[in-house]
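Asker: First the structure, then my questions, so here it is.
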Amino acid sequence: MRPRRGTSATGSPRRAGGARRAATSSRSSATEPGGAVASGCSEAPPAPAPSQPMPRVPTIGSFPLLDRAARYFPIRRLLREHMSPGDRLLEVGSGPFGIGWFHRCAFVGCDMEFELPPTPPLVPVIAQARSLPFPDASFDAVVLSDVLEHVDPAARSNVLREALRVTRKLAVIGFPCGPDALRVDRSLYQEYRRRSLSPPRWLEEHMRNGFPDERVLDELPGTWKVLTCSNESVRFHEWMMMSQLSFARRVAFRAALMLVPAVVERLLRYADGTPPYRRIFVVTPASA
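Residue numbers for the sequence shown follow this note's numbering, so the first one is 473 and each next one is one higher.
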């Protein structure tokens, strides 16, 4: 993990179907393929009850695609490192599943709308990312994963400040950034068009909004320290997203996550490289 603002870092940190909505724009797509996060399964957050149960017998279709695993496995590792039993977790811009694909404990998932019924362990709350309906420091950790690129650029700083307002220990913020990452998504967009397929809404929004500059984190108050690490090389991300256009490969990826999730997680760690498609930022109080 690389420090920002001259801070030091320890530890070993590390997309996308569906439509997710956050702040002024949109983007949202289950069972646990890996182990549980060591963050408090002891109590559920106070929020509306989930609207439908987890499937009793997992089927291959109930497992996410590889891009979700590549995005959430490193976040899960970071949560394990920083959270304790009983800690409360919020995911902003979660869609109906969010980190619940990989996180067995109850957590609050916040979005502008849920286009599919939210699924446990996610406890849904409808709200805007730039005006969260929670008191200050009401969660121990907040996750924003691939959300900022779906927010109007003028509102991105407000979304970050609001996430930090409601967290006590930690915010984990990931988003694609840089010209190489945008080039890969443009190539994917053109491939959809070449195959006469409708590009997914999240990809349309990438084309429309562009990617955040990682320097947006430099605008945070000095009361926070920021560490960062790379997630997915652009070369791997391009291969993965092009592969998922194939039905056979989608089935194969899901089968791997269903049968050998720990092996998939280990292999995905080798996919991180430079230039990165995505950067993950770990924001903690400067006094910690």
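A virtual CB, placed ideally from N, CA and C, is assigned to each residue, including glycine. Small disclaimer: the values here were computed from a predicted structure and weren't measured.
Go to Phe753, then tell me how far its beta strand (DSSP E) extends in each direction, as first and last residue.
Answerer: 748-757
Asker: The alpha helix (DSSP H) that contains Glu676, what's its start and end?
Answerer: 673-681
Asker: Near Phe708, what residues of its chain come up, given a Cβ to Cβ distance below 6 Å and the 5 sequence neighbours on each side ignored?
Answerer: Ala743
Asker: Assign Ser705 to one of three DSSP states: helix, strand, or coil.
Answerer: strand
Asker: Less than 8 Å between C-beta atoms, sequence neighbours within five positions excluded: which residues of the same chain meet that for Ala653?
Answerer: Phe683, Val706, His709, Pro747, Pro748, Tyr749, Arg750
Asker: Within 10 Å of its beta-carbon, does Val623 have 16 or more other beta-carbons around it, so buried, or fewer, so exposed?
Answerer: buried
Asker: What are the uninterrupted segments assigned as alpha helix (DSSP H) that are 4 or more residues long and contained completely in the stretch 715-749, given in chain order?
Answerer: 719-731, 733-741
Asker: For Trp711, count neighbouring Cβ atoms within 10 angstroms of its own Cβ and tell me buried if that reaches 16, exposed if not.
Answerer: In the assembly as shown, Trp711 is an exposed residue. Its beta-carbon has fewer than 16 other beta-carbons within 10 Å.
Asker: For Gly646, list the residues DSSP reports as bridge partners.
Answerer: Ser617, Ile752
Asker: Tell me whether Arg640 sits in a helix, a strand or coil according to DSSP, three-state version.
Answerer: strand
Asker: Hey, does Ser603 have any beta-carbon neighbour from chain B nearer than 8 Å?
Answerer: Chain labels in this structure do not include chain B; a single protein chain is all it has.
Asker: By DSSP's criteria, Arg607 is part of a beta bridge. Which residues make up the other side?
Answerer: A quick correction: the sequence has Pro, not Arg, at residue 607. Per DSSP, none; premise fails for Pro607.
Asker: When DSSP labels each residue in this structure, what does Leu669 get in the three-state scheme?
Answerer: coil
Asker: State buried or exposed for Val644, treating a residue as buried only when at least 16 other CB atoms are found within 10 Å of its CB.
Answerer: buried
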